[in-house]
Amino acid sequence: MATATLSATLRHDTGKGVARKLRQNGNIPGVIYGHAREPQSLTVNAREFERLISRVAAGSTVIELDLGGTTARSLIREIQRHPFKKQILHVDFQEVVAGEAITLKCPIVYVGTAYGVRTEGGVLDQIMHELTIQALPSQIPDHINVDITDLHVGKVLHVSDLTLPAGIKVIDEPGATVCIIQPPKNASAEASSEVAEPEVIRAKKPADDK
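Numbering (my numbering), first residue to last: 21 to 230.
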């Protein structure tokens, strides 16, 4: 389980005007909720938050929020960004409690080079980049390793084929495709070139009038 710390300040003022002023002063408005906690508005420093998410997997790292004397263990549930700027507009934290399973998205890390890639000229097509899992806070993995070493061309890896750490339950459909080793592009081109040309049926010439 990966953890990180972040300072935050609880606040009582809310509204668009307040949020706008916070951003102008280099801060990000946010909220923390979950378990028996009533949603509480808070503020985090924009530079510190951006530095944090640049070095951790935001969705699967337990963030220990320092709320000025008290500490709340939480997960980042949503980061709202400006439509075309890099600016972060708002962040949601969910408090986590020991012994209480939570649902989250965990990154997939593909391990090894597939046999179909290194020997058969195939191409790895990564369909899924994260899994939706359920786990206790103490058992949240940094990522899920997916070993693709023995995959041949044409082999499809499904969620049901994965080997998961103890205590981890996958919420995604068992039949969902995780990845596939596609055939070489030149092989696909050759196959398409071998398709028979359609037969051309010419109309018969009309018989001469007698």
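Glycine included, C-beta positions come from ideal geometry on N, C-alpha and C.
Note the first and the last residue of the continuous beta strand (DSSP E) segment covering residue i.
i: Arg67; result: It is not in any beta strand (DSSP E) - Arg67 instead sits in the alpha helix (DSSP H) that spans Ala66 to Ile73.
i: Gly46; result: Segment: none, Gly46 is in no beta strand (DSSP E) and carries neither H nor E.
i: Arg93; result: Thr91 to Arg101
i: Glu84; result: Val82 to Asp86
i: Ala24; result: Thr23 to Ser27
List the endpoints of the continuous alpha helix (DSSP H) containing residue i.
i: Lys106; result: Unbroken run through Lys106: none, as it is neither H nor E.
i: Gln159; result: Premise fails: Gln159 is in no alpha helix (DSSP H) and is neither H nor E.
i: Val137; result: Tyr135 to Arg138
My guess is that residue i and residue j are in contact by the Cβ rule of under 8 Å, so how many angstroms apart are they, rounded?
i: Ala18; j: Pro157; result: This structure cannot settle anything about residue 18, because the visible part of the chain is limited to 21 through 230.
i: Ile201; j: Ala155; result: Wrong, their Cβ atoms sit about 29 Å apart, outside the cutoff.
i: Asn65; j: Gly88; result: Wrong, their Cβ atoms sit about 13 Å apart, outside the cutoff.
i: Val166; j: Glu140; result: Val166 to Glu140, Cβ: 19 Å. No contact.
Go through its chain and collect everything with a Cβ distance to residue i's Cβ below 6 Å, but skip five positions before and after it.
i: Pro185; result: Pro161
i: Tyr130; result: Val166 and Ile168
i: Gly54; result: Gln114 and Glu115
Would you kindly work out how many angstroms separate the C-alpha atoms of residue i and residue j, rounded to a whole number?
i: Thr169; j: Thr183; result: 14 Å
i: Ser212; j: Tyr135; result: Per-residue confidence for Ser212 stands at a pLDDT of 48, beneath the threshold of 50, marking its modelled position as unreliable; no derived number is given.
i: Ser80; j: Glu120; result: 15 Å
i: Leu171; j: Lys125; result: 25 Å
i: Ile147; j: Val198; result: 5 Å
i: Arg75; j: Leu42; result: 24 Å
Going along the chain, which residues of its own chain have a beta-carbon closer than 7 Å to the beta-carbon of residue i, five neighbours each way excluded?
i: Ile191; result: Thr123, Thr152, Ile153 and Gln154
Inside the region 167-193 only - beta strand (DSSP E) runs reaching at least 3 residues: 176-178
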